[in-house]
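Trainee: These protein sequence lines map, in sequence, to chains A and B. By UniProt numbering, the letter at position 316 of the first sequence is numbered 316, and the numbering carries on one by one without gaps. By UniProt numbering, the letter at position 118 of the second sequence is numbered 118, and the numbering carries on one by one without gaps. For reference, the structure I am asking about is given below.
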Amino acid sequence: MGKEESPKTTRRKTRSSVLATPPKNVVEETKASSLHPPTLSDLVLGEQGESLSANDLSSVFPGRCSQILELLRLLGLPNSPMLPIFVYGGTSTGKTSIVVETFRHLKHPFVYSSCLTCYSPPILFESVLNQLFLHPKNAANGYSSAKRCESPSDFIHFLREALFSILGNTKGLSGKVTSKRSGKANGNMIYLVGLIFISSASLDTYYSNMGYVEPIPMYLPDYTQDDLQKIFMRNQANKKLFAFFSGTKIVVFFSALIFCLFVVLRPFCRITRRVDELSPAFSPLFTKYCEPITDLNFVPNKETNQRLYNFFCTHIVPALNETFKVSSQKSPEVEVEVKERKGKGGTRKFGDCEVEQLDFHMPTSAKYLLISAFLASRNPATLDSSLFESTGDSSSQKQKRKLSDKSMEQKETTEQELLLNPGSFPKERLLAIFQCITSVGEGPLDEEEQEYGGLGIQDGNDVLMSDVLLLLFSLCSANFIGSTRYRSTVSEDMAFKSFGLHARFFCFPTNR
Amino acid sequence: MARENQAEKALCLLRSRLCDPNFAFKALSHSDDSNYSKLKFLVSSSITEACNNSILLLGPRGSGKIAVLELVLSDLLQEFPDMISVIRLSGLLHSSDNCAFKEIARQLCVEHQLVFSRMASFDDNSQFMIAMLRECGLAHKTIIFVLDEFDLFALGKQRLLYSLLDAMQSVTSQAVVIGVSSRLDADMLLDKRVRSRFSHRKLLFLPPAYEDIQRLLEHILLLPTDSSFPPDYAIAFNAKLQTILADERFKEIINTYLNLDSTVKHLLRYLFRAVSDMDLESGMLSLENFKTALSNIQRHPKLECIKDCSVLELYILVCMKRLEVKEQNSYNFNAVMKEYKSIHDSVKTADYFARNVCLRAFEHLLQRELIGFADNRGQNQSIEFSPVKLLISSHELHQGMKSYGSCPAILQQLMDRQK
C-alpha cells in the first residue's frame with residue numbers, strides 16, 4: 001500500500017505499481033503480439049540488469065533485518081524445497097512489501113494473488129492460472145481469462161497443466177510425458193513450487209479439520225519508536241526542501257529534523273504506532289515546523305533553535321487530539337465575508353462557554369430537525385407535554401400506559417441508561433416536536449439569516465411535510481440520526497454548535 | 001568456500017528429506033507387523049489372486065496414511081508393471097457424485113490413452129467406469145481406487161461408494177478400494193447397503209512410540225557416509241548430531257513439543273524449522289537451532305497482539321477489565337470513556353486524549369480481535385453504542401502488560417487494585 005509520499009528511490013512503491021510488469025517495448029493497441037513470447041522470466045520482478053543486494057533490502061526496511069533473514073532462511077536455496085510459510089502481523093507492518101522485495105532480490109519468479117481482489121474462489125483460481133499461463137488480459141483477447149475455472153478439481157487439473165508448461169518449456173522437456181500422477185517433472189528441476197500466505201490474523205484463527213500442510217509461521221511485530229524514526233527520516237530526506245538550503249544549513253536542518261521527529265514521535269507513539277496513521281499526522285506538523293526555517297533570514301543558532309522548539313511544541317498537543325483533518329477550501333466570497341465577520345467576533349457566546357461554528361453548512365430547517373431529534377432522544381416522552389405545550393399544563397395530559405408496555409419500556413430505559421445510549425423515538429414524536437419548535441422560533445432572527453434575506457423558517461406551517469421528510473432522510477444518511485430506529489446520534493457539543501445562538505431559546509433540561 | 005558448499009549441500013539434502021513425508025515413513029516401515037507390510041500384503045494378494053478388496057486406513061492427521069500408501073503403491077508398481085492402474089480421488093475436491101465420476105473417467109482415459117470428453121453426462125461416465133472395470137477384469141488388470149478424505153464421500157447419498165462397491169461385486173472386475181480418513185469412525189458413516197458390500201478391514205495408524213522417534217530422528221538427520229559427502233565432514237556432522245540427540249535438554253525440548261501433537265508430520269515441521277536455521281559457516285547443527293525453532297514455532301498470538309498495542313490501547317483494555325470486575329455485564333464505548341475519564345480525574349495521567357482518538361484506538365482493538373461485540377445487534381448500531389466484551393482473559397492481559405516494554409506503572413497498579 002502506498003503509505004508514504006513517493007520517495008526519491010525507486011524501491012518503495014505501491015503494490016500495484018510494483019507488480020505491473022513494466023513494458024519492455026511500447027506495446028500499442030494495434031500490435032497483437034509482443035516482440036517476444038512470454039517466458040518464465042516475466043514472472044520475475046525487476047529489470048534484467050538491476051540487482052538488489054541483501055544490504056539494500058535491510059536498509060529499505062528499517063527494523064526488519066531479523067525478519068528478512070528469517071524469510072531468506074526459510075525460503076532456502078533455489079534448488080531446495082520448502083514448507084509453506086505464513087507471514088502475519090498488524091496492518092501496515094510491511095508484510096507484503098517485504099515478501100515481494102525479497103523475491104526481487106532473489107530474482108525468483110513468483111505469482112501473486114490478493115484475496116481482497118479475488119474475493120471468490122473462481123476469481124482466485126483464474127487469477128493464479130492467468131499468471132501461470134503468462135496470459136495477459138488485454139483488448140486483444142477481450143479481457144478473458146486463459147481458462148475458465150469454477151471448481152477446485154478443475155483448478156488442480158489446470159494448475160498441473162500450467163506448471164508443466166511453464167517449467168517444462170524452460171528445460172525443453174515439453175515433449176516428454178513425465179511421471180503420471182504426481183505432476184513433478186523428471187530430470188533436473190531448478191524451480192520448485194512453494195506457497196507463502198500473508199495475513200493480518202494469526203494462524204490460530206485459521207485452524208480447521210482440513211488436511212492441509214500446516215505452514216511455518218513468521219511474525220512481523222509493529223515498529224518500535226526507533227524504527228519509526230528511521231522510516232520517517234528516510235522519507236523526509238528526499239523532501240525538496242533541500243532546495244532552500246546550502247552548506248552548513250543542511251547539517252543544521254538535519255539535526256533539527258532528527259530532534260523534531262524525536263519530539264513528535266514520543267507522544268504520538270503512545271497513541272498509535274501504525275505508519276499509515278502517523279504519516280498523515282506528521283506532514284502538516286512538518287510543514288508548520290519548516291515555516292520559520294524557510295524564511296531566508298533564518299540563522300541557526302541556539303536562540304533561534306529554542307524559539308523554534310517552543311513554537312513547535314505548542315502545535316504538537318492539539319495535533320495529538322486530532323484524527324483526521326481535511327481543511328475545506330472556502331470560496332473567495334466566503335473568505336471575504338469571514339474576514340469581515342471576524343471583526344465582529346467569530347465565535348458565538350453561549351452562556352459562559354465559547355461555541356464554535358460548524359465546519360460545514362446546514363440548512364436552517366435541518367438544524368431545527370437535528371435539535372428536535374436531539375431533544376427527543378435525550379428526554380423521555382412524558383416530559384414533552386410540559387415542555388412543548390403552549391399551555392404548559394402537564395397534569396391533565398397524563399396518559400395511562402398498559403402495564404406490559406411500561407415494563408418493556410422500563411427494561412429498555414434501564415439498558416439504555418446503562419449503555420448511555422440515546423433513546424429512540426417514533427417519527428411522529430419527532431415531527432411533533434419539530435412543529436412546536438419551529439412555531440416558537442419565530443423570535444429574533446439570527447444575524448446570518450438577516451444577511452441572507454431571512455431565509456430562515458418564519459412560520460412552522462409554511463414548511464411542507466414532504467420537505468421535512470426529505471430532510472429527515474438526508475440526516476439519516478449522514479448518520480446524524482440513526483436509521484434503524486430513529487435516535488439521535490449527535491453529541492451535545494455538535495447540537496449546540498449547529499445552532500449557536502439559537503440554542504439559547506431551547507435550554508430544556510436533559511436527563512443526562 | 002568448499003566448506004560452505006558442503007554445508008549448503010547438506011542443508012538441501014536435509015530440507016528435501018523433511019519436505020517429503022515418504023522418506024520419514026520408510027524408516028518406520030521395516031518391521032513385519034507394521035502397517036506398511038500389512039497393506040502391501042493385502043493389495044499384492046488381491047492382485048495376484050485376481051480378487052476384489054476394500055480397506056480403510058484410519059488415523060489422526062499427519063500419522064502417515066497417505067505416505068505409507070504411496071510407499072506401497074510405488075513398490076507394487078515396480079513389482080507388477082502394467083498390471084495396476086491407480087485412480088486417485090479426494091473428498092475435498094470430488095465429493096459431489098458428478099465431479100467424482102467425471103474425474104474417474106478422466107483419469108481412466110489418461111491411463112489408457114483414450115480421448116476424454118468433458119461434455120459426457122453423469123450416466124455416460126458411470127457406464128464408462130463399469131465398462132472399464134469389466135474390461136480390466138477380463139484383462140487381469142487391477143484398478144486401485146484411492147479415496148482420500150473418505151468421510152467426505154460418505155456425506156449425502158453415497159452414490160459413488162455404492163456404485164463402486166456394487167460394481168466390484170457384480171461385474172467381473174479386479175478392483176481394490178482404499179479409503180483414507182482421519183475420522184476413526186468413518187465406517188460408521190456408511191449407509192446400510194454400502195456397509196454390507198464393504199469388507200470391514202481397517203488399518204489403524206497411530207503416532208509412533210518414543211523409541212521409534214529416536215530412530216526416526218537419526219534416520220532423517222544423519223548424513224549418508226557414502227561418497228556424496230566428503231567423509232570427514234559427514235563424520236564430524238554425524239558425531240555432533242549424536243551428541244545433541246543424546247543431550248538431556250534436547251530430549252526435554254522434543255518432549256515439550258510432542259506433548260502437543262506427537263504425529264510424525266508435526267515433528268517434521270519442527271525439524272524443518274530447526275534445520276533451516278543451520279549455520280552455513282560452520283556447517284553443523286547446534287542445540288541453539290532447536291531451541292530457537294521451538295520458540296518460533298510455538299507462538300502466543302494474543303501476547304504478541306498485546307505487545308503490539310499502543311499505550312492508549314492498553315488504557316482502554318484496562319478500563320474494560322475494571323468495568324468487568326465491577327460486574328457491569330454489558331458496557332459500550334461510552335461507558336469505557338467514562339471509566340477512562342474517571343481514572344484521569346483520580347490520577348492525573350499524561351495520557352488523556354480526545355474522544356475521537358480513543359475511538360480510533362478502540363477500532364484498532366476491534367481489528368486485532370482483542371475485543372469484540374457482545375451480540376450481533378451491534379452491527380446495526382454505530383460502534384460507540386454497541387455493547388462490547390474482552391476477548392482475552394485477565395491472565396493474558398496481565399502477562400501481556402508485564403512483557404510490554406514501556407507499560408506505564410499506573411496501569412499495572414490499576415489492574416492490581418481490582419484484584
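Think of the CB as a built atom: it goes at the ideal place given N, C-alpha and C, for glycine as much as any other residue.
#1: Report, in whole angstroms, the separation of the C-beta atoms of B:Leu359 and B:Glu384, which I expect to be a contact under 8 Å.
#2: Could you name the residues of chain A that B:Leu189 contacts, counting a contact when the two beta carbons are closer than 9 Å?
#3: To which residues does DSSP link B:Ser44 through a beta bridge?
#4: Assign B:Ser117 to buried or exposed, taking buried as 16 or more other Cβ atoms, counted over all protein chains shown, within 10 Å of its Cβ.
#5: In angstroms with no decimal places, state the Cα-to-Cα distance between residue 449 of chain B and B:Phe272.
#6: Straight-line CA distance for A:Ala162 to B:Ser74?
#7: Let me know the secondary structure DSSP gives B:Leu56 once reduced to three states.
#8: Rounding to the nearest angstrom, what Cα-Cα distance links B:Ala236 and B:Pro207 in this structure?
#9: In the structure shown, what three-state DSSP assignment does B:Ser181 receive?
#10: Listing by chain order, which chain A residues have their CB less than 9 Å from the CB of B:Ala361?
#11: With H, G and I counted as helix, E and B as strand and the rest as coil, what does DSSP make of B:Lys402?
#12: Give a yes or no on whether the C-beta atoms belonging to B:Lys307 and B:Ile253 are separated by under 8 Å.
#13: Counting pairs of beta carbons, one from the region 153 to 171 of chain B and one from the region 29 to 45 of chain B, are three or more of them closer than 8 Å?
#14: Rounded to whole angstroms, what's the CA-CA distance from A:Pro78 to A:Phe164? Just pull it up for me.
#15: Could you have a look at B:Arg88 and say whether DSSP puts it in helix, strand or coil?
#16: Please state whether the Cβ-Cβ distance between A:Leu74 and A:Ile216 is less than 8 Å.
#17: What is the DSSP secondary structure of B:Ile316, counted as helix, strand or coil?
#18: State the start and end residues of the unbroken beta strand (DSSP E) segment that holds B:Thr142.
#19: Taking 8 Å as the CB-CB limit, is A:Gly76 close to chain B?
#20: Using the beta-carbon count (16 or more within 10 Å), is A:Cys149 buried or exposed?
#21: Please classify B:Ala2: does DSSP put it in a helix, a strand, or coil?
#22: Should B:His112 be labelled buried (16 or more other beta-carbon atoms within 10 Å of its own) or exposed?
#23: Are the Cβ atoms of A:Leu278 and A:Phe268 separated by less than 8 Å?
#24: Within 10 Å of its beta-carbon, does B:Ala354 have 16 or more other beta-carbons around it, so buried, or fewer, so exposed?
#25: Would you list, in chain order, the members of the region 211 to 231 of chain A that have their beta-carbon closer than 7 Å to a beta-carbon of chain B?
#26: Could you please give me the residues that DSSP links to residue 426 of chain B through a beta bridge?
#27: Alpha carbon to alpha carbon, how far is A:Gly175 from A:Leu134?
#28: May I have the straight-line CA-CA distance separating A:Ala146 from B:Met168, to the nearest angstrom?
#29: Can you tell me which of the three DSSP states A:Pro122 falls into?
#30: Can you tell me the Cα-Cα spacing of B:Lys341 and B:Ala335, whole angstroms?
#31: Identify whether residue 545 of chain A lies in helix, strand or coil by the three-state DSSP scheme.
#32: From the DSSP secondary-structure annotation, give me the bridge partner or partners of B:Met284.
#33: Note down the Cα distance separating A:Arg429 from A:Leu471, rounded to an integer number of angstroms.
#34: Out of A:Met465, A:Arg104, A:Ile481, A:Leu69, state which residue places its alpha-carbon closest to the alpha-carbon of A:Glu50.
#35: Who are the near neighbours of A:Asp227 in its chain, counting only those whose CB is closer than 6 Å to its CB and skipping five residues on each side?
#36: First and last residue of the beta strand (DSSP E) that includes A:Ile68?
Mentor: On the basis of the coordinates in this document:
#1: Contact flag correct, Cβ pair sits at about 7 Å.
#2: Here the premise fails: no neighbours, minimum Cβ distance about 15 Å.
#3: Beta-bridge pairing links B:Ser44 to no other residue.
#4: exposed
#5: Residue 449 of chain B is absent from the model: chain B starts at 1 and stops at 419.
#6: 25 Å
#7: Residue state, collapsed to three classes: strand.
#8: The alpha-carbon atoms of B:Ala236 and B:Pro207 are separated by roughly 32 Å.
#9: strand
#10: Ile271, Thr272
#11: helix
#12: no
#13: Contact fails: fewer than three Cβ-Cβ distances are below 8 Å.
#14: 18 Å
#15: Secondary structure at B:Arg88: strand, using DSSP grouped into helix, strand and coil.
#16: The criterion of a C-beta distance shorter than 8 Å is satisfied by A:Leu74 and A:Ile216.
#17: helix
#18: 142 to 148
#19: yes
#20: When all chains shown are included, A:Cys149 counts as buried.
#21: helix
#22: exposed
#23: yes
#24: exposed
#25: Within the region 211 to 231 of chain A, the qualifying residues are Gly211, Glu214, Ile216, Pro217, Tyr219, Pro221, Asp222.
#26: This structure leaves residue 426 of chain B out entirely; chain B is present only between 1 and 419.
#27: Since pLDDT at A:Gly175 reaches only 26, below the 50 mark, its modelled position is unreliable, and no value is offered.
#28: 40 Å
#29: It is helical.
#30: 10 Å
#31: There is no way to answer for residue 545 of chain A, as the model of chain A reaches only from 1 to 512.
#32: B:Asp279
#33: 16 Å
#34: A:Arg104
#35: If you ignore the 5 residues before and after A:Asp227, its C-beta comes within less than 6 Å of the C-beta of Pro62, Gly63, all in its own chain and listed in chain order.
#36: First-last for A:Ile68: 65 to 75, but that is the alpha helix (DSSP H), not the beta strand (DSSP E).
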